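First the structure, in the form of structure tokens, and then the observations on it.
Residue numbers (my numbering): 53 to 161.
Spelled out as structure tokens, the structure:
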């Protein structure tokens with residue numbers, strides 16, 4: 053099927069993505085899934101991981117999501133994530149520092 057779907061990725065703080073896309077692929081709790089136009093409706097939980105989509109111009113884009121839910125409809129995908137950041141917006145130094153803090157907490161427990 054040809055055509056685009058609407059992709060919305062939303063966190064409690066902001067809209068991260070709100071655009072027409074060719075396909076959206078997300079890290080579902082039971083495995084990765086992709087949604088094209090005309091998809092059967094479903095609702096699922098997400099695990100932390102990388103989501104990617106192809107925008108209306110054919111450019112592949114990436115977003116890191118931290119848990120949440122996804123709803124797929126025939127013409128729209130809505131992701132409600134605890135947090136989400138586009139790959140281009142990730143501060144690598146901040147992310148490394150957060151990982152080190154998490155590893156220290158795990159080592160102490």
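Beta carbons are placed, not taken as given, at the ideal position from N, Cα and C, and that holds for glycine. Here the structure is a predicted model, which means the values were calculated and not measured.
Sub-7 Å separation of residue i and residue j beta-carbons
{"i": "residue 136", "j": "residue 115", "result": "yes"}
{"i": "residue 105", "j": "residue 59", "result": "yes"}
{"i": "residue 61", "j": "residue 127", "result": "no"}
{"i": "residue 69", "j": "residue 98", "result": "no"}
{"i": "residue 94", "j": "residue 54", "result": "no"}
{"i": "residue 108", "j": "residue 78", "result": "no"}
{"i": "residue 80", "j": "residue 92", "result": "no"}
{"i": "residue 63", "j": "residue 133", "result": "yes"}
{"i": "residue 87", "j": "residue 131", "result": "no"}
Strand pairing of residue i, partner residues [DSSP]
{"i": "residue 58", "result": "72 and 128"}
{"i": "residue 135", "result": "118"}
Residue i classed as buried or exposed, judged by whether at least 16 other C-beta atoms fall within 10 angstroms
{"i": "residue 120", "result": "buried"}
{"i": "residue 76", "result": "buried"}
{"i": "residue 160", "result": "exposed"}
Legend entry - Runs of beta strand (DSSP E) lying entirely within the segment 73-129, each at least 3 residues, in chain order: 83-87, 94-98, 101-107 and 112-125
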